[in-house]
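Input: a single structure, listed below in C-alpha cells.
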Amino acid sequence: MAGHNVDPDLLHARKTEIYNVKLKEGLVSLRPGVAELIEHATQEGVMLAIGTTTSRQNVVSLLHSTLGSRSLDLFSSIRTGEDVRAKKPDPEVYRLVLSDLGLGGSECLCIEDSRNGLMAARGVGMRTVITASLFTSHEDFSGADLILRNLAMPWSSVEFKPYTSILDQPLDVSRLLRRAGGKSGSRRTGTSISPTSSSGSGPAPK
322 MAGHNVDPDL
332 LHARKTEIYN
342 VKLKEGLVSL
352 RPGVAELIEH
362 ATQEGVMLAI
372 GTTTSRQNVV
382 SLLHSTLGSR
392 SLDLFSSIRT
402 GEDVRAKKPD
412 PEVYRLVLSD
422 LGLGGSECLC
432 IEDSRNGLMA
442 ARGVGMRTVI
452 TASLFTSHED
462 FSGADLILRN
472 LAMPWSSVEF
482 KPYTSILDQP
492 LDVSRLLRRA
502 GGKSGSRRTG
512 TSISPTSSSG
522 SGPAPK
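For the working numbering, add 321 to where a residue sits in the sequence shown, where the first one is 1.
Right under this line is the structure:
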C-alpha cells in the first residue's frame with residue numbers, strides 16, 4: 322500500500338484468519354456446480370485432484386466446511402503452494418499432481434478460473450475448462466478448450482472455441498469430459514480442479 326509500511330506476510334495471515342472465521346460460520350460456499358461435479362465425477366470413476374497456489378490449510382478448511390470432514394478422501398492428490406518453488410503460471414504444481422496420479426497431461430482435464438491457471442495447465446498439456454470468477458472475468462482465456470459461465474447443471478450459455486458460438490443446452494459430466502478430451506468412466510482419467518468460494522473471497526495466494 323502506497324505510503325504505508327505494511328508487512329505482506331502479516332497482511333496475508335490476517336486475511337487467512339478472517340477467511341477461516343467466515344468458513345467456520347458457514348459464510349463461504351463453493352462456486353455453483355462444483356459440489357455436483359465432484360459427486361458425478363466420483364460416481365463415474367474419475368480420479369480427482371487439486372492443484373492450487375494457496376495453502377493446504379486453506380484447502381482443508383474449505384473442503385471440510387463445504388463438503389464434510391471426509392471430503393479429503395475424494396481426492397487422489399492435493400498439491401498446494403507449499404509444495405512448489407514457483408507458483409502459477411509456472412506448471413510445477415500440476416507436474417506434481419500428474420506424478421501423484423501416474424498420468425500424462427493429455428489424460429487429464431483441468432478446471433481453472435484464471436489466466437495464470439490456464440497457462441500452468443497448458444504447460445503440462447492438459448485440456449482446460451475455464452469458469453472465470455468475479456476477479457478474473459476480464460482476463461484473456463484464449464487457449465482454453467472450453468469456457469463455461471459456471472459449473473451449475475444444466476450448463477447453459479456454454480462458450481466453445483473460437484469463442485463466438487454460444488450454445489444453450491444441458492450438458493452432463495460425461496459430455497463435458499468427452500468434449501474436452503477426457504475418457505469418462507475410466508479410472509485412468511484425472512480431473513484437476515482449484516476449489517474456490519462462490520464470491521472469490523478467500524485469501525489471495527502470496
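Where a beta carbon is used, it is the ideal one built from N, C-alpha and C, also for glycine.
Tell me, to the nearest whole angstrom, how far the beta carbon of S435 is from that of E460; I am working on the premise that it is less than 8 Å. Rounded to the nearest angstrom, the Cβ distance from S435 to E460 is 6 Å, consistent with a contact under 8 Å.
Going by alpha carbons, who is nearest to K345 out of L467, S390, L419? That would be S390, whose Cα lies nearest to the Cα of K345.
Tell me which residue opens and which closes the beta strand (DSSP E) that L467 is part of. Per DSSP, L467 belongs to the beta strand (DSSP E) from 467–469.
For G425, I'd like the list of residues in its chain whose CB is within less than 8 Å of its CB, leaving aside the five on either flank, ordered along the chain. Taken in chain order, the residues that qualify are L419, G446.
Using beta-carbon positions only, say whether V450 and L439 come within less than 7 Å of one another. No, these two residues do not count as a Cβ contact at 7 Å.
What is the rounded straight-line gap between the Cα of P353 and the Cα of L472? About 6 Å.
Would E338 be called buried (16 or more neighbouring beta carbons within 10 Å of its own) or exposed? Label assigned to E338: exposed.
Going by the CB atoms, is the gap between L430 and R443 shorter than 7 Å? No, they are not a contact pair.
Going by the DSSP bridge assignment, what does I451 pair with across the sheet? Bridge partners of I451: E433, I468.
Buried or exposed (CB count within 10 angstroms, at least 16 for buried), L469: By the neighbour-count rule (16 or more Cβ atoms within 10 Å), L469 is buried.
Nearest to T363 by CA position, among S463, D394, S454, K336, is which residue? The alpha carbon of T363 has as its nearest neighbour, out of S463, D394, S454, K336, the alpha carbon of D394.
Whole angstroms are fine: how far does the CA of T375 sit from the CA of R406? Computed Cα separation, rounded: 13 Å.
Residues that R400 bridges to, as DSSP identifies them: Per DSSP, the beta bridge partners of R400 are G372.
Among S350, S458, T452, nearest to L383 - alpha-carbon criterion: Sorting S350, S458, T452 by C-alpha distance to the C-alpha of L383 places S350 at the top.
Taking its Cβ as the centre, do 16 or more other Cβ atoms sit within 10 Å of E428, making it buried, or is it exposed? With a 10 Å radius around the Cβ and a threshold of 16 neighbouring Cβ atoms, E428 comes out buried.
My guess is that T401 and V380 are in contact by the Cβ rule of under 8 Å, so how many angstroms apart are they, rounded? A Cβ-Cβ separation of about 6 Å places T401 in contact with V380 under the 8 Å criterion.
For the putative contact between S397 and A356, defined by C-beta atoms under 8 Å, what is the C-beta separation to the nearest angstrom? Actually they are not in contact, since the Cβ atoms of S397 and A356 sit about 18 Å apart, beyond 8 Å.
In terms of alpha-carbon separation, which member of T457, A334, G372 lies closest to L417? Answer by Cα proximity: G372.
Roughly how far, in whole angstroms, is the beta-carbon of R377 from the beta-carbon of I359, given that I think they are within contact range, below 8 Å? Between I359 and R377 the Cβ distance is about 18 Å, and since that is not below 8 Å, they are no contact.
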